[in-house]
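Engineer: Sharing a structure, written as structure tokens. Questions coming.
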Amino acid sequence: MEHLAHLSRQIKASLIIGLLVSNGLLIGAYWLSATMFGLDAWVILALLILLTIVLSLVVAAILGRLFMQPAKALWQVILHVSPSEHGVAAPNIESLKIGRELVANLASQVYGLANVVAESNKKSEPTEQDYGFAATNLPLPLFVLDAAETIQFANTAAAVYVGQPIAELQGKNIYMVLDMAFPSESTLDTWLKNVKTNNATASESWERVRLNVIDNHPTRLFDLAAYYNKDNPNHQETMLVLFDHTKQYSQDDQAISFIALSVHELRTPLTLLRGYIEAFEEELTGQLSPQMNDFMQKMSATAQQLTAFVNNILNVARVDDDQLELRLQEEDWSQIIDSAVANLSLRAKVRGISLQSQVAPDLPKVGVDRLSIHEVINNLVDNAIKYSGSSTSILIDAHLSKEGLVETTVQDKGVGIGADIMPNLFTKFYRDHRNRAQIGGTGLGLYLSKAIVTAHGGNIWVRSKPNEGSTFGFTVKPYSQLAEELKNGDNKDIVRGAHGWIKNHSLYRR
Numbered sequence: 014m015e016h017l018a019h020l021s022r023q024i025k026a027s028l029i030i031g032l033l034v035s036n037g038l039l040i041g042a043y044w045l046s047a048t049m050f051g052l053d054a055w056v057i058l059a060l061l062i063l064l065t066i067v068l069s070l071v072v073a074a075i076l077g078r079l080f081m082q083p084a085k086a087l088w089q090v091i092l093h094v095s096p097s098e099h100g101v102a103a104p105n106i107e108s109l110k111i112g113r114e115l116v117a118n119l120a121s122q123v124y125g126l127a128n129v130v131a132e133s134n135k136k137s138e139p140t141e142q143d144y145g146f147a148a149t150n151l152p153l154p155l156f157v158l159d160a161a162e163t164i165q166f167a168n169t170a171a172a173v174y175v176g177q178p179i180a181e182l183q184g185k186n187i188y189m190v191l192d193m194a195f196p197s198e199s200t201l202d203t204w205l206k207n208v209k210t211n212n213a214t215a216s217e218s219w220e221r222v223r224l225n226v227i228d229n230h231p232t233r234l235f236d237l238a239a240y241y242n243k244d245n246p247n248h249q250e251t252m253l254v255l256f257d258h259t260k261q262y263s264q265d266d267q268a269i270s271f272i273a274l275s276v277h278e279l280r281t282p283l284t285l286l287r288g289y290i291e292a293f294e295e296e297l298t299g300q301l302s303p304q305m306n307d308f309m310q311k312m313s314a315t316a317q318q319l320t321a322f323v324n325n326i327l328n329v330a331r332v333d334d335d336q337l338e339l340r341l342q343e344e345d346w347s348q349i350i351d352s353a354v355a356n357l358s359l360r361a362k363v364r365g366i367s368l369q370s371q372v373a374p375d376l377p378k379v380g381v382d383r384l385s386i387h388e389v390i391n392n393l394v395d396n397a398i399k400y401s402g403s404s405t406s407i408l409i410d411a412h413l414s415k416e417g418l419v420e421t422t423v424q425d426k427g428v429g430i431g432a433d434i435m436p437n438l439f440t441k442f443y444r445d446h447r448n449r450a451q452i453g454g455t456g457l458g459l460y461l462s463k464a465i466v467t468a469h470g471g472n473i474w475v476r477s478k479p480n481e482g483s484t485f486g487f488t489v490k491p492y493s494q495l496a497e498e499l500k501n502g503d504n505k506d507i508v509r510g511a512h513g514w515i516k517n518h519s520l521y522r523r
């Protein structure tokens, strides 16, 4: 307070001196104009007004510069110690005309605070102890990353999981340590790029992530959870936690492989069975009683359903092993719909259901794999047949969507689906527990359909309400939209995998 009072006295003294000097000059000018030069009163008044303006500007400039010296010096002190500014020199406090003591005292306070902050930052460099006992000894692998996705901390479980010492993990880019592959196009890398642009905080999780590690360390399968906090003051921007499910997911894959191997053996007798049924239908047409004819139709429909079951099992195994290849070619969508309806009509007829199809005229040619897209239609219609309840009709509609894609919907008026079931519909092996006992199925049809539609570059969706029926829909691209991809290839068709592990493509930042 003493230094501030001293500065106040200096300012008052400077103002008094400035006013005295300017008033003295005005009085002197008046005396000279009136006595020595004998000027007219109006001329003297004009000269005094002009002189007053000039003196005011000069005195204001001098006093303003003088009074700003303490503030400017403090400004230089703050910028000199600021971590975001570089090249600003410390002020020469001894050269100040006023406020020297106050500025010197405040500058010492600022320098002292800057030293405290610097020491605090040195002490806050992330160490194992700083993350606490819980994080260090967490039984789940934990990684903490900075803004450049460099590992700032990895706990003991993380080091064991990837087979590297903790000291070798810290300071490395996460993608150099975790060679992760995801079962869809949503990866950690794409998610981070998005949230860094659009969010302050965010969280996300992924299932069935595959980890390929070094030095013959076993491949891992796990779920991944991530939390992002932008501009974290401790430079701990992203946290990753891994939940290992290697045993469970491996058993699922082995179960599918075993089932596929077993089911594969059914193909030969099933083909023979369908052949005999078709031969009987041709040879005995018009010779069977209505009851025997009904039996024959049910046998044929059941054989078709069993064939679809076998195909689903085998194709799901190929999808999981990334072995199912789709060859997209130019096709007439109305012909595909007509062919699918013709193949499925007998299965529907046996259940007392009629299939109705309507295809918008002048639909563009589509780029699809004919066999696999038939499976999508078969699965959706078969689901509609099984869950139609007392409804007797199913509508298949194909039209051009607002986005310029060819959209196909399968609508029934059956039992419908509850909102709590919707999120899991396209999950492998998932079936509604409320009607699982009454309606047969494997829980693979929608999973396979989603994989195939996604590989075609389309989307699959569902709208439904309990007791009001369901509408499943999917889109495929017009062939014209695939033209550029075709031009860049050597073949006359486009080859895609129905499902695959998508790796992070981000290059690590140095």
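Residue 183 in the numbering used here sits at position 170 of the sequence shown, with consecutive numbering throughout.
Virtual Cβ for every residue (Gly too), placed ideally from N, Cα, C.
What do you get for MET252, buried or exposed, if any count of 16 or more other CB atoms within 10 angstroms of its CB means buried?
Structural biologist: Buried: at least 16 other Cβ atoms inside 10 Å.
Engineer: Roughly how many whole angstroms lie between the Cα atoms of VAL323 and SER385?
Structural biologist: Roughly 14 angstroms between the two C-alpha positions.
Engineer: Just to confirm the assignment, what range does the alpha helix (DSSP H) spanning ALA102 have?
Structural biologist: Run containing ALA102: none; DSSP gives neither H nor E here.
Engineer: Quick check on the DSSP output: what are the complete alpha helix (DSSP H) runs of length 4 or more inside the segment 365-408, in order along the chain?
Structural biologist: Those alpha helix (DSSP H) runs which fall completely within the segment 365-408 and span 4+ residues are 383-399.
Engineer: Which residues share a DSSP beta bridge with TRP474?
Structural biologist: Per DSSP, GLY486.
Engineer: Give me the Cα-Cα distance between ARG78 and GLU162, rounded to the nearest whole angstrom.
Structural biologist: Between ARG78 and GLU162, the C-alpha separation is close to 49 angstroms.
Engineer: Can you check DSSP and say which residues form a bridge with ALA167?
Structural biologist: DSSP, once it has assigned bridges, lists PHE156 as partnering ALA167.
Engineer: Whole angstroms is fine: what's the gap from HIS93's alpha carbon to ALA103's?
Structural biologist: Straight-line Cα distance between these residues: approximately 6 angstroms.
Engineer: List the whole-angstrom C-beta distance separating SER27 from LEU76, where the pair is believed to meet the contact cut-off of C-beta under 8 angstroms.
Structural biologist: Yes, they are in contact, since the Cβ atoms of SER27 and LEU76 sit about 6 angstroms apart, within 8 angstroms.
Engineer: In terms of residue numbering, what span does the beta strand (DSSP E) encompassing LEU234 cover?
Structural biologist: From DSSP, the beta strand (DSSP E) with LEU234 extends over 233-242.
Engineer: Just grab the DSSP bridge partners of PRO343 for me.
Structural biologist: Before going further, note that residue 343 is Glu rather than Pro in the sequence given. GLU343 is bridged to GLY380.
Engineer: Between LEU32 and ILE62, what straight-line distance do the alpha-carbon atoms span, to the nearest angstrom?
Structural biologist: So the two alpha carbons sit approximately 16 angstroms from each other.
Engineer: According to the neighbour-count rule (16 or more other Cβ atoms, all chains shown, within 10 Å of its Cβ), is GLU296 buried or exposed?
Structural biologist: So GLU296 ends up on the exposed side.
Engineer: By the DSSP assignment, the alpha helix (DSSP H) with ALA47 in it spans what residues?
Structural biologist: Premise fails: ALA47 is in no alpha helix (DSSP H) and is neither H nor E.
Engineer: Going by the beta-carbon positions, is the gap between GLN82 and ILE111 smaller than 9 angstroms?
Structural biologist: Yes.
Engineer: Under DSSP, the alpha helix (DSSP H) around GLU198 begins and ends at which residues?
Structural biologist: No alpha helix (DSSP H) holds GLU198; DSSP gives it neither H nor E.
Engineer: In or out: TRP346 buried (at least 16 other Cβ within 10 Å) or exposed?
Structural biologist: Under this definition TRP346 is a buried residue.
Engineer: Does the beta-carbon of ILE30 have 16 or more other beta-carbons within 10 angstroms, so that it is buried, or is it exposed?
Structural biologist: Classification of ILE30: exposed, given that the 10 Å Cβ count is below 16.
Engineer: To the nearest angstrom, how far is the alpha carbon of GLU344 from that of LYS185?
Structural biologist: Roughly 50 angstroms between the two C-alpha positions.
Engineer: Which value, in whole angstroms, describes the spacing of the CA atoms of LEU495 and HIS412?
Structural biologist: So the two alpha carbons sit approximately 19 angstroms from each other.
Engineer: Would you please state the rounded distance, in angstroms, between the beta carbons of ILE106 and PHE156? I believe it to be under 8 angstroms.
Structural biologist: Contact doesn't hold; Cβ gap of about 49 angstroms is too wide.
Engineer: Mind reading off the beta-carbon distance from PRO491 to PRO374? Whole number of angstroms is fine, and I expect it under 8 angstroms.
Structural biologist: At roughly 15 angstroms, the Cβ-Cβ gap does not stay under 8 angstroms, so PRO491 and PRO374 are not in contact.
Engineer: Buried or exposed: which applies to ILE390, given that a residue is buried once 16 or more other Cβ atoms fall within 10 Å of its Cβ?
Structural biologist: Result: buried.
Engineer: Please name the residue, chosen from ALA84, ILE57, ALA54, SER35, that lies closest to LEU17 on a Cα-to-Cα basis.
Structural biologist: Among ALA84, ILE57, ALA54, SER35, the Cα nearest to that of LEU17 is on ALA84.
Engineer: I'd like to know if the segment 403-410 and the segment 424-438 are in contact, where contact means that at least 3 CB-CB pairs between them fall below 8 angstroms.
Structural biologist: Yes, since at least three Cβ pairs between the segment 403-410 and the segment 424-438 fall closer than 8 angstroms, the two stretches touch.
Engineer: DSSP state of VAL428, grouped into three classes?
Structural biologist: Note: VAL428 maps to coil in three-state DSSP.
Engineer: Going by C-alpha distance, which of SER401, ASN242, PRO154 is nearest ALA160?
Structural biologist: Cα-wise, what sits closest to ALA160 is ASN242.
Engineer: Among residues of its own chain, excluding the 5 on either side of LYS463, which ones have a beta-carbon nearer than 6 angstroms to its beta-carbon?
Structural biologist: Only PHE439, ILE473 meet the Cβ criterion.
Engineer: Between the Cα of ARG383 and those of ALA361, ALA353, ILE366, spot the shortest distance and give me the residue it belongs to.
Structural biologist: Closest by alpha carbon: ALA353.
Engineer: Whole angstroms is fine: what's the gap from TYR240's alpha carbon to ASN211's?
Structural biologist: Cα to Cα, the separation comes out at about 14 angstroms.
Engineer: Cβ of THR421 versus every heavy atom of the ligand MG: is any distance shorter than 8 angstroms?
Structural biologist: Absence of the ligand MG is noted for the structure shown, with no ligands found whatsoever.
Engineer: Report, in whole angstroms, the separation of the C-beta atoms of VAL363 and LYS311, which I expect to be a contact under 8 angstroms.
Structural biologist: 5 angstroms between Cβ atoms; contact.
Engineer: Express the C-alpha separation of VAL175 and THR488 in angstroms, rounding to a whole number.
Structural biologist: Distance between the alpha carbons of THR488 and VAL175 is about 40 angstroms.
Engineer: Going by beta-carbon coordinates alone, are SER370 and ILE350 separated by less than 9 angstroms?
Structural biologist: For SER370 and ILE350, yes; Cβs fall inside 9 angstroms.
Engineer: Distance check for THR203 and THR484, CA to CA, integer angstroms please.
Structural biologist: Spanning the two alpha carbons is a distance of roughly 31 angstroms.
Engineer: If I measure Cβ to Cβ from LEU286 and keep anything under 8 angstroms in the same chain, skipping five residues before and after, which residues do I get?
Structural biologist: Here the set comprises ALA316.
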